[in-house]
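Below, the structure written as structure tokens:
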């Protein structure tokens with residue numbers, strides 16, 4: 025998360041699942057020597073037009089000899105506010121969007137299984153996604169080829185991998201502990217290549233169980 029924030033000069037939101045606080049299991053803490061640390065790009069001496077064609081401009085700090093202006097308003101390539109110029113605003117918004125959208129493959133993180141040859145696909149995230157392992161295993165035991173995409177990041181949405189699943193699966197199930205949120209992103213990415221089916225459960229903090237997921241797989245298979 026910190027590396028993405030530094031590399032792409034963007035806020036990164038950690039959506040910590042409440043269930044983590046109640047879990048008891050082993051975790052592997054990597055050695056600090058094996059952790060890559062990415063630092064933000066710094067401007068060169070005398071550099072002024074930071075926000076030109078570069079997707080991710082360098083980031084000067086106060087006291088390093090640069091005229092630092094901190095603003096949330098539309099600004100030009102020099103960082104100067106330009107709120108009344110539509111061309112400048114368009115260039116700014118396109119640059120901010122492109123610096124993420126052109127690096128989706130680097131930023132999006134997911135785990136996938138059997139997405140090329142499955143009859144039923146599952147796309148899940150958060151605590152709900154933990155149930156897909158057992159549900160998939162049990163489905164295959166009764167002869168239903170099942171694959172899944174487990175999302176570890178939600179944005180930018182990994183459309184390519186979901187579309188790949190949609191080309192193979194006859195149906196895609198989206199289990200969520202809400203009233204269809206990621207469902208619509210999956211449906212959009214699937215591009216009508218297959219039918220996307222919600223599996224929703226809310227209230228009382230009860231998780232979607234592997235048994236409930238398996239029952240849904242059997243229902244739609």
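Residue numbers (my numbering): 25 to 245. Backbone N, C-alpha and C define an ideal beta-carbon position, used for all residues, glycine too.
- Residue burial annotation: residue 153 is buried, with at least 16 other C-beta atoms found within 10 angstroms of its C-beta.
- Cβ-Cβ separation between residue 140 and residue 192: approximately 6 Å, consistent with a contact (criterion under 8 Å).
- DSSP places residue 157 within a helical segment (H, G or I) once states are collapsed to three.
- One alpha carbon belongs to residue 148, the other to residue 82, and they sit about 36 Å apart.
- Per DSSP, residue 35 has no beta-bridge partner at all.
- Rounded to whole angstroms, residue 212 and residue 91 show a C-alpha spacing of 44 Å.
- Within the same chain, Cβ atoms closer than 6 Å to the Cβ of residue 146 are found at 156, 172, 197, the five residues on either side in sequence being excluded.
- Residue 32 counts as buried, since no fewer than 16 other beta carbons sit within 10 angstroms of its beta carbon.
- Contact check between the region 159 to 170 and the region 206 to 223: fewer than three CB pairs, one atom from each, fall below 8 Å, which does not count as touching.
- If you compare the alpha carbons of 70, 104, 103 with that of residue 89, the shortest gap goes to 70.
- If you look at residue 199, you'll find it in the beta strand (DSSP E) that goes 195 to 200.
- Taking the C-beta atoms as reference points, residue 132 is found no nearer than 9 Å to residue 98.
- Around residue 75, the same chain offers 81, 99, 100, 101, 102, 103, 116, 119 as residues with beta carbons nearer than 8 Å, after the five sequence neighbours per side are excluded.
- For the options 217, 230, 227, 126, the alpha carbon positioned closest to that of residue 181 is the one of 126.
- Between residue 194 and residue 245, the C-beta spacing is below 9 Å.
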